[in-house]
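Just so we're aligned, residue 54 is where the sequence shown starts under our numbering, counting upward by one.
Beta carbons: idealized from backbone N, C-alpha and C, even for Gly.
Since the structure is predicted, the reported quantities are computational estimates derived from the model, not experimental observations.
As structure tokens, the structure follows; a few thoughts come after it.
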Amino acid sequence: MQPITDGADEGRIVVSGHQTEVGEALRDHATEQLRRLSAKYFGGAEDLTATFSRGGKGHGFECNVRVHAGRGLFFDGQGDHPSNAYTAFSLALERVDKQLRRQKRYLREDKPVNATKASLL
């Protein structure tokens, strides 16, 4: 595991491999995409984690992305691809992006006072 942090506003970003080696190019790509996602929603997340592993029976790639947006808000996405780790990461990231987008829309709707809404926005 290699945590990467750049600023006070950004959370901790971890890109790692589970029983597999993650190259620098893949690590840099995943870190950049996670930074963009963090900046896009809620002004930054506390922790972002991407874990790459081999697929079932050693074939293909799997990626799990977990985002901790604060105050007990956790978002998880999983993607797999038979031959490409980048595609597996993109699928997992799309799932988390959709969850974050829906949560942000939910918090912005005009509803009675929402304690989570007040703390995040």
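- Restricting attention to G97, A103 and T73, the CA atom closest to the CA of H82 is found in A103.
- DSSP places Q131 within a strand segment (E or B) once states are collapsed to three.
- With fewer than 16 neighbouring CB atoms inside 10 Å of its own CB, Q72 falls in the exposed class.
- Fully contained in the segment 71-151 are the following beta strand (DSSP E) runs of length 3 or more, in chain order: 100-107, 114-123 and 126-134.
- Its Cα nearest to that of F114, the residue G132 stands out among E99, G132 and K151.
- C-alpha of V120 to C-alpha of L87: approximately 9 Å in a straight line.
- Here the C-alpha atom of Y94 lies approximately 13 Å from the C-alpha atom of L146.
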